[in-house]
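What follows is a single structure, written as structure tokens, with notes after it.
There are 2 protein chains.
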Amino acid sequence: MNPKPLLDALAPDANGLVPAIAQQFDTGEVLMMAWMSRESIEATISTGEAHYWSRSRGKLWRKGETSGQTQRVVDLRIDCDGDTLLLQVDQKGVACHTGRRNCFYRRLGGAGLESFAPVQTDPKQLYQSS
Amino acid sequence: MNPKPLLDALAPDANGLVPAIAQQFDTGEVLMMAWMSRESIEATISTGEAHYWSRSRGKLWRKGETSGQTQRVVDLRIDCDGDTLLLQVDQKGVACHTGRRNCFYRRLGGAGLESFAPVQTDPKQLYQSS
Numbered sequence: 000m001n002p003k004p005l006l007d008a009l010a011p012d013a014n015g016l017v018p019a020i021a022q023q024f025d026t027g028e029v030l031m032m033a034w035m036s037r038e039s040i041e042a043t044i045s046t047g048e049a050h051y052w053s054r055s056r057g058k059l060w061r062k063g064e065t066s067g068q069t070q071r072v073v074d075l076r077i078d079c080d081g082d083t084l085l086l087q088v089d090q091k092g093v094a095c096h097t098g099r100r101n102c103f104y105r106r107l108g109g110a111g112l113e114s115f116a117p118v119q120t121d122p123k124q125l126y127q128s129s
Numbered sequence: 000m001n002p003k004p005l006l007d008a009l010a011p012d013a014n015g016l017v018p019a020i021a022q023q024f025d026t027g028e029v030l031m032m033a034w035m036s037r038e039s040i041e042a043t044i045s046t047g048e049a050h051y052w053s054r055s056r057g058k059l060w061r062k063g064e065t066s067g068q069t070q071r072v073v074d075l076r077i078d079c080d081g082d083t084l085l086l087q088v089d090q091k092g093v094a095c096h097t098g099r100r101n102c103f104y105r106r107l108g109g110a111g112l113e114s115f116a117p118v119q120t121d122p123k124q125l126y127q128s129s
């Protein structure tokens with residue numbers, strides 16, 4: 000698929016990035032938010048696997064490249080202002096580096112922040128050195 | 000509810016803002032993404048209505064203050080890194096200023112960007128001067 004129409008509509012920030020929301024395509028679960036560059040959008044479209052831009056490492060990053068927890072992209076959407084993307088994906092395993100299915104496992108409750116989602120996979124297993 | 004536990008966990012950007020994803024609580028539909036400041040988080044928690052920070056206008060903004068398309072907040076979640084919020088909301092009417100239910104109405108297809116969601120409410124009706 001030609002990425003140009005999407006890139007033409009893109010309104011990135013001063014760092015050339017846009018927030019990208021990853022949502023499990025069939026359940027609607029919001030899995031995570033990460034950042035995409037033009038390069039990561041092109042890599043995502045050409046491979047069908049979600050690629051992001053790691054701001055901490057300053058490099059292109061294929062989701063799951065270390066952990067194996069990849070995201071197959073089912074649909075790629077852009078918002079009205081062109082400054083946010085919504086990826087509908089099929090998440091393999093867990094999206095969060097804590098081993099939880101999604102990153103939004105803490106909510107504000109009467110007793111403070113409540114962690115309500117279980118760790119499904121031990122992070123040591125996800126990031127063991129090979 | 001006391002906002003302090005959430006504010007303590009918050010890792011805002013250099014402008015004091017975090018991206019906030021608004022999701023319809025019962026259907027899972029991702030409605031929009033906007034930005035929140037500490038002030039907008041406090042206003043959201045104290046009123047139960049979503050407040051954002053308008054970067055273009057440089058001011059606190061209650062969602063729907065002009066259009067009437069308000070968001071009642073059902074749940075407020077924070078991600079693993081503290082730098083993104085997920086609001087589960089009950090959206091009144093339409094979330095998008097174009098009059099569509101959500102802002103992600105364009106997808107990349109073989110023929111370019113495809114607009115696939117109908118305008119539900121004429122924006123002229125949403126933003127008519129009173």
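Residue numbers (numbering that gives the first Met the number 0), protein chains in the order written: chain A, 0 to 129; chain B, 0 to 129.
Backbone N, C-alpha and C define an ideal beta-carbon position, used for all residues, glycine too.
What you are looking at is a predicted structure, and each value in this text was computed from that prediction instead of being measured.
Residues sharing a beta bridge with residue i, DSSP
i, result
"P144/A", "This structure does not reach residue 144/A, given that chain A is present from 0 up to 129, and the question cannot be answered."
"G111/A", "G108/A"
"Q23/A", "V88/A"
"V29/A", "Q22/A"
Reference residue i; option with closest CA among the options
i, options, result
"D82/A", "L84/B, R105/B, Q127/B and L85/B", "R105/B"
"S39/A", "L86/A, P122/A and G27/A", "L86/A"
"T120/A", "G111/A, A110/A and K91/A", "K91/A"
"G111/A", "A10/B, I44/B and D89/B", "I44/B"
"Y126/B", "T97/B, K3/B, V118/B and A116/B", "T97/B"
"C95/B", "L84/B, L16/B, Q70/B and A10/B", "Q70/B"
"V88/A", "R99/A, L6/A and I20/A", "I20/A"
"K3/A", "R56/A, A42/A, Q22/A and W60/A", "A42/A"
"V131/B", "S66/B, D74/B and V72/B", "Because chain B is modelled from 0 through 129, residue 131/B falls outside the range shown and cannot be assessed."
Worksheet entry | Positions along the region 10-42 of chain B whose CB lies within less than 8 Å of some CB in chain A | P18, I20, Q22, T26, G27, E28, V29, M31 and M32
Worksheet item: With contact counted as at least three CB pairs below 8 Å, one residue from each stretch, are the region 45-56 of chain B and the region 77-84 of chain B in contact?
Response: No, the region 45-56 of chain B is not in contact with the region 77-84 of chain B.
Fill in: Length-filtered (3 minimum) beta strand (DSSP E) runs lying within the region 39-92 of chain A
50-53, 58-61, 70-77 and 84-90
Worksheet item: Taking one C-beta from the region 29-39 of chain A and one from the region 105-116 of chain A each time, how about it: are there three or more such pairs within less than 8 Å?
Response: no
Worksheet item: Which residues, in order along the region 72-96 of chain A, keep a beta-carbon less than 8 Å from a beta-carbon of chain B?
Response: D74, L75, R76, I77, D78, C79, D80, T83, L85, C95 and H96
Worksheet entry | Selection of the region 109-123 of chain A by Cβ proximity to chain B, strictly under 7 Å | Answer set for the region 109-123 of chain A: G109, G111 and L112.
Discussion item. Quick test of the definition: if touching needs 3 or more C-beta pairs under 8 Å, does the region 12-30 of chain A touch the region 18-31 of chain B?
Written reply: yes
Worksheet item: Using a Cβ cut-off of 8 Å, which residues of the region 43-61 of chain A contact any Cβ in chain B, in chain order?
Response: I44
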